Amino acid sequence: MNKTPADSPLESLENDSPLFLNGALVWLLLFFIAYLSVPLTNNQEIGRWDIVPEIPFLLLDLVDPLPEENPHPAGWAYFPQRIPLMGVAAVVLLGAWGLGQLVTRLIRVPLPPFSAERTVFASGLGLSFVSLLTLGGGLLGILSQGLCYAVLITTTIAGIVSAFQETKQKTGSLVSLKLSLPESITFDALFRVGCCLLMSPFVLSMFLGSMLPSTDYDVLEYHFGGPKEYYQQGYISFLPHNVYTSFPFLTEMLTLLSMTLKGDWFSGAQAGKLVLMSFALFSALGIFTTTRHWFGSAAGWIAATVFLTNPWTYRMSIIAYTEGALSFYLLASLLSLILTIVALQKWRARDQDTADDTASRLPGELGSWTFLTGLLSGSAMATKYPGVLSVVIPLGLTLLGFSWVLLKEDKSLRWSATLKLGMLFSAGTLITIGPWLLKNLVETGNPVYPLLYSVFGGYDLTEALNAKWKNGHGMKTIGLTEFKTSLMDVTMTSDWISPLLFCLAPLAFLNRQHRRLMYWLWIYIGFLFFSWWLLTHRIDRFWVPMLPVVAVLAGIGATWSSKLLWRTGVTAAVLFAVLFNLCIVTSGLGGNNAYLDDFAYARKFTGNLTAPEIEALNQMQLRADQVVLFVGEAKVFNAEFPVIYNTVFDEDLFTQWTAEADPKLPDKELSMKPAREIAEKLKAEHIAYVYVNWAEVLRYRMPWSYGYTDYVTPRRFDQLVKEGVLQPPLPNQYGYLKFDTMSEDKRKEIESWAPELIVERDGERYFITAQIFPVAKSEEERE
4 MNKTPADSPL ESLENDSPLF LNGALVWLLL FFIAYLSVPL TNNQEIGRWD IVPEIPFLLL
64 DLVDPLPEEN PHPAGWAYFP QRIPLMGVAA VVLLGAWGLG QLVTRLIRVP LPPFSAERTV
124 FASGLGLSFV SLLTLGGGLL GILSQGLCYA VLITTTIAGI VSAFQETKQK TGSLVSLKLS
184 LPESITFDAL FRVGCCLLMS PFVLSMFLGS MLPSTDYDVL EYHFGGPKEY YQQGYISFLP
244 HNVYTSFPFL TEMLTLLSMT LKGDWFSGAQ AGKLVLMSFA LFSALGIFTT TRHWFGSAAG
304 WIAATVFLTN PWTYRMSIIA YTEGALSFYL LASLLSLILT IVALQKWRAR DQDTADDTAS
364 RLPGELGSWT FLTGLLSGSA MATKYPGVLS VVIPLGLTLL GFSWVLLKED KSLRWSATLK
424 LGMLFSAGTL ITIGPWLLKN LVETGNPVYP LLYSVFGGYD LTEALNAKWK NGHGMKTIGL
484 TEFKTSLMDV TMTSDWISPL LFCLAPLAFL NRQHRRLMYW LWIYIGFLFF SWWLLTHRID
544 RFWVPMLPVV AVLAGIGATW SSKLLWRTGV TAAVLFAVLF NLCIVTSGLG GNNAYLDDFA
604 YARKFTGNLT APEIEALNQM QLRADQVVLF VGEAKVFNAE FPVIYNTVFD EDLFTQWTAE
664 ADPKLPDKEL SMKPAREIAE KLKAEHIAYV YVNWAEVLRY RMPWSYGYTD YVTPRRFDQL
724 VKEGVLQPPL PNQYGYLKFD TMSEDKRKEI ESWAPELIVE RDGERYFITA QIFPVAKSEE
784 ERE
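Everything in the sequence shown is counted per our numbering, starting at 4 for the first residue and increasing by one.
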């Protein structure tokens, strides 16, 4: 793993043998044909071959779009609406970078302050520690706009001063970078400019797309919904109605911080999403510097280009999922681990003949790298619990394994050094994930709530809820057919996978330089794939964090040969794939692509798209004392009125409030409480409306879903209307779905569970997907 000059020519197998050269070109061609021929996983009605002839027209439409008959407000005239969001994101990112510079200097990371590697580590650590500071301020209830601005501006200034001061100490000059115009235009310069041109439309799309309102369920339910609740109540606390908010919330704290800085939960969330988008840029920088470090600058540029032009990267950048941050911390931890092992090898080589006491002391450089690896690994787990499986455990064991093997000639040193390295790694990990575990331990008695209920238990959880959780998040069927489907999805059939990743990555084996490092990278990719396939419920985005490692190998594979024929072939493949991916990204298949919509229009449009009933309630402009009870609905972020709700994995509040508790009876047979008692409860909670999302209840009731209580049926609400607790539902403008167009299993479920929701209109049957019931006023209120 020792470093060679970054721009040294790569050694290729058999000196670019015609056999391997022609074979590699044939592999490129066959892979692309197969890639274009296989059906997509999520949009099976669209074939990739159908997109190919449309590429020129789709690209032309980006530059000169066709006029619309009734255009909605959109265009560059609305770009200034984004400037405040950009300002908030800039404050967060600069403050995080400054704090990261201070931390990396404090732990003595042996890198120049303005180097690419140091920037990757400083940015990652800075964002992690800013997230922890937000958590601390939220738990103390002291988050305020002024305080947050003061802290971030202070860390920015302190980081800049520290970076220049450290640079002067190491180089004798305040600025280590020397910028000058090239005397002539070289091929390398043109190559780098070309890579930047290929990446730029994707970065611009991510930049604009990340500031659009979100439509994804998990985002509206807890990635944004949780920070919104914290912001509105003014502090962070346990939310018993939303189990997801007890997850580690590194990225969500950045959203909460942006809300606080902006002084508004809705637009602040969009600014927070812009901050999260930056993880893609930091990942690309990490990919570049990792590949360049061992395989040359050209490989680094191509690796970064492959990553940033991958539609999955775009998708994770415009949706506030955590996988973008986890991808970054996985790569940054891996880079830090490799540098740790290099330092360990140097120490062994330098001290294996030394007989004095200093041989047993860990070099400061080795300790710094180990501690840094722990901090980054803990940050990976702080983005989401699976980070312990994909980063903390494999990287920690790899570090200990290398220490044990490399120091095998001195048994006493092997034990002491391995123990010290393990303690340093663990200390770093606990610093960045520990506060989240401690928070859960204090609030619920379970540090990894809601996981491991059988070991730690957990406040507000029951055996039934735990069984539902395990059933919904447990392992899927294991078999050859399932394995083939999953392998194809990861490498080829996923709607948002770039053909360049798994087309070029295997060609890395043709490069003879640092082959042991490549083997380890492939082993890690294999571990990530099999841990996803064997130990998770196989949601596609859960394997996305492996893609930065694949991109590193793709950059190596693209530069395995220096022959003109190979360069021509791989250039053609890259250009075609980039143009194809750009069409996927900007055509809407990658997500919301209304980049320059008027914000007011975009907010209303996405609100009607995700939950038109919530938008209708927004238009009613309810008072602060008019609360809406949600039944079956948990994507509450867009609600501009007070709500009470629960997720599917929490106790159902409607059941708790209206049913006579009897543990001996199944939910379906529970009796309702007296109408007067229910009315008093609704009044005590200030409930003005009850919104029921029957479509969500149906989705949860399906055999392949999470399950939903049998207590909630239309008959319960009909009874409450008859007893005068609720009024008849408001006129329904949106909540209808053609019954006969639904799948057979859903039709059967509706007919057996809720036939009352089937109505006939204009000779066709419809399923009522949602209803809003006003709460009947009491006699005192009517008077």
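The beta-carbon is built from N, C-alpha and C at its ideal position, and this holds for glycine as well.
All of these numbers come straight from a predicted model, not from anything done at the bench.
- Assigned with DSSP and collapsed to three states, Y739 falls in strand.
- V309 and G558 do touch by the CB rule: their CB atoms are close to 6 angstroms apart, below 8 angstroms.
- Q148 sits in a helix when the DSSP states are folded into three classes.
- Of the candidates W660, D670, N313, W660 places its Cα closest to the Cα of E688.
- In this chain, the beta strand (DSSP E) harbouring R764 covers 761–764.
- For F776, the beta-bridge partners assigned by DSSP are V693.
- Membership of Y452 in any alpha helix (DSSP H) is not indicated, and neither H nor E is assigned to it by DSSP.
- Nearest Cα to V246 within the set F60, A383, Y462: Y462.
- For I36, the enclosing alpha helix (DSSP H) stretches over residues 21–40.
- Inclusion of A554 and I290 in the CB contact set at 7 angstroms is warranted, their separation being smaller than that value.
- Secondary structure note for L632: its beta strand (DSSP E) is the uninterrupted segment 630–634.
- The beta-carbon distance between I528 and V552, rounded to whole angstroms, is 6 angstroms. This is short enough to meet the 8 angstroms contact definition.
- Within the DSSP bridge table, the entry for A662 names M675 as partners.
- For the pair G572 and A511, the CB atoms are not nearer than the 7 angstroms cut-off.
- Taking C-alpha positions only, F602 is separated from Q84 by approximately 7 angstroms.
- N595 sits away from P314, with the two beta carbons spaced by 7 angstroms or more.
- If you draw a 10 Å sphere on the C-beta of P216, you find 16 or more other C-beta atoms in it, and that means buried.
- In the three-state reduction of the DSSP assignment, E726 falls in the coil class, being assigned neither a helical nor a strand state.
- Non-local C-beta neighbours of I771 in its own chain, meaning closer than 7 angstroms and more than five positions away in sequence, comprise W697, N735, G738, Y739, L760, V762, ordered along the chain.
- Residues of the same chain with a CB within less than 6 angstroms of the CB of L403, apart from the 5 flanking positions on each side, are T421, G425 in chain order.
- Counting only the Cα atoms, A430 lies some 24 angstroms from G98.
- For the pair A637 and T650, the CB atoms are nearer than the 7 angstroms cut-off.
- Under the three-state reduction of DSSP, E368 is assigned to helix.
- Look at the stretch 454–530 and you find these whole runs of alpha helix (DSSP H), each 4 residues long or longer: 456–459, 466–476, 483–491, 502–507.
- DSSP, read as helix, strand or coil, puts R702 in helix.
- Y769: member of the beta strand (DSSP E) spanning 767–771, first to last residue.
- Taking one beta carbon from each stretch, the stretch 698–711 and the stretch 623–639 have 3 or more pairs nearer than 8 angstroms; the two touch.
- Taking a 10 Å sphere around the C-beta of W52, we find fewer than 16 other C-beta atoms and assign the residue as exposed.
- Selection P113, W100, L207, L138 evaluated against T157 yields W100 as nearest (Cα-Cα).
- Residue environment analysis places D628 among the exposed positions, since fewer than 16 neighbouring C-beta atoms fall within 10 angstroms of its C-beta.
- Note on geometry: alpha-carbon atoms of M478 and E72 lie some 50 angstroms from one another.
- Put simply, the stretch 56–69 does not touch the stretch 233–243. Fewer than three CB pairs are less than 8 angstroms apart.
- T325 is positioned such that its CB atom lies no closer than 7 angstroms to that of K414.
- Apart from sequence neighbours up to five positions away, the residues of its chain that approach A682 with a beta-carbon distance below 6 angstroms are V728, ordered along the chain.
- With contacts defined by Cβ atoms closer than 7 angstroms, L440 and A383 do not form a contacting pair.
- Going by DSSP, K667 is part of no alpha helix (DSSP H) at all; its letter is neither H nor E.
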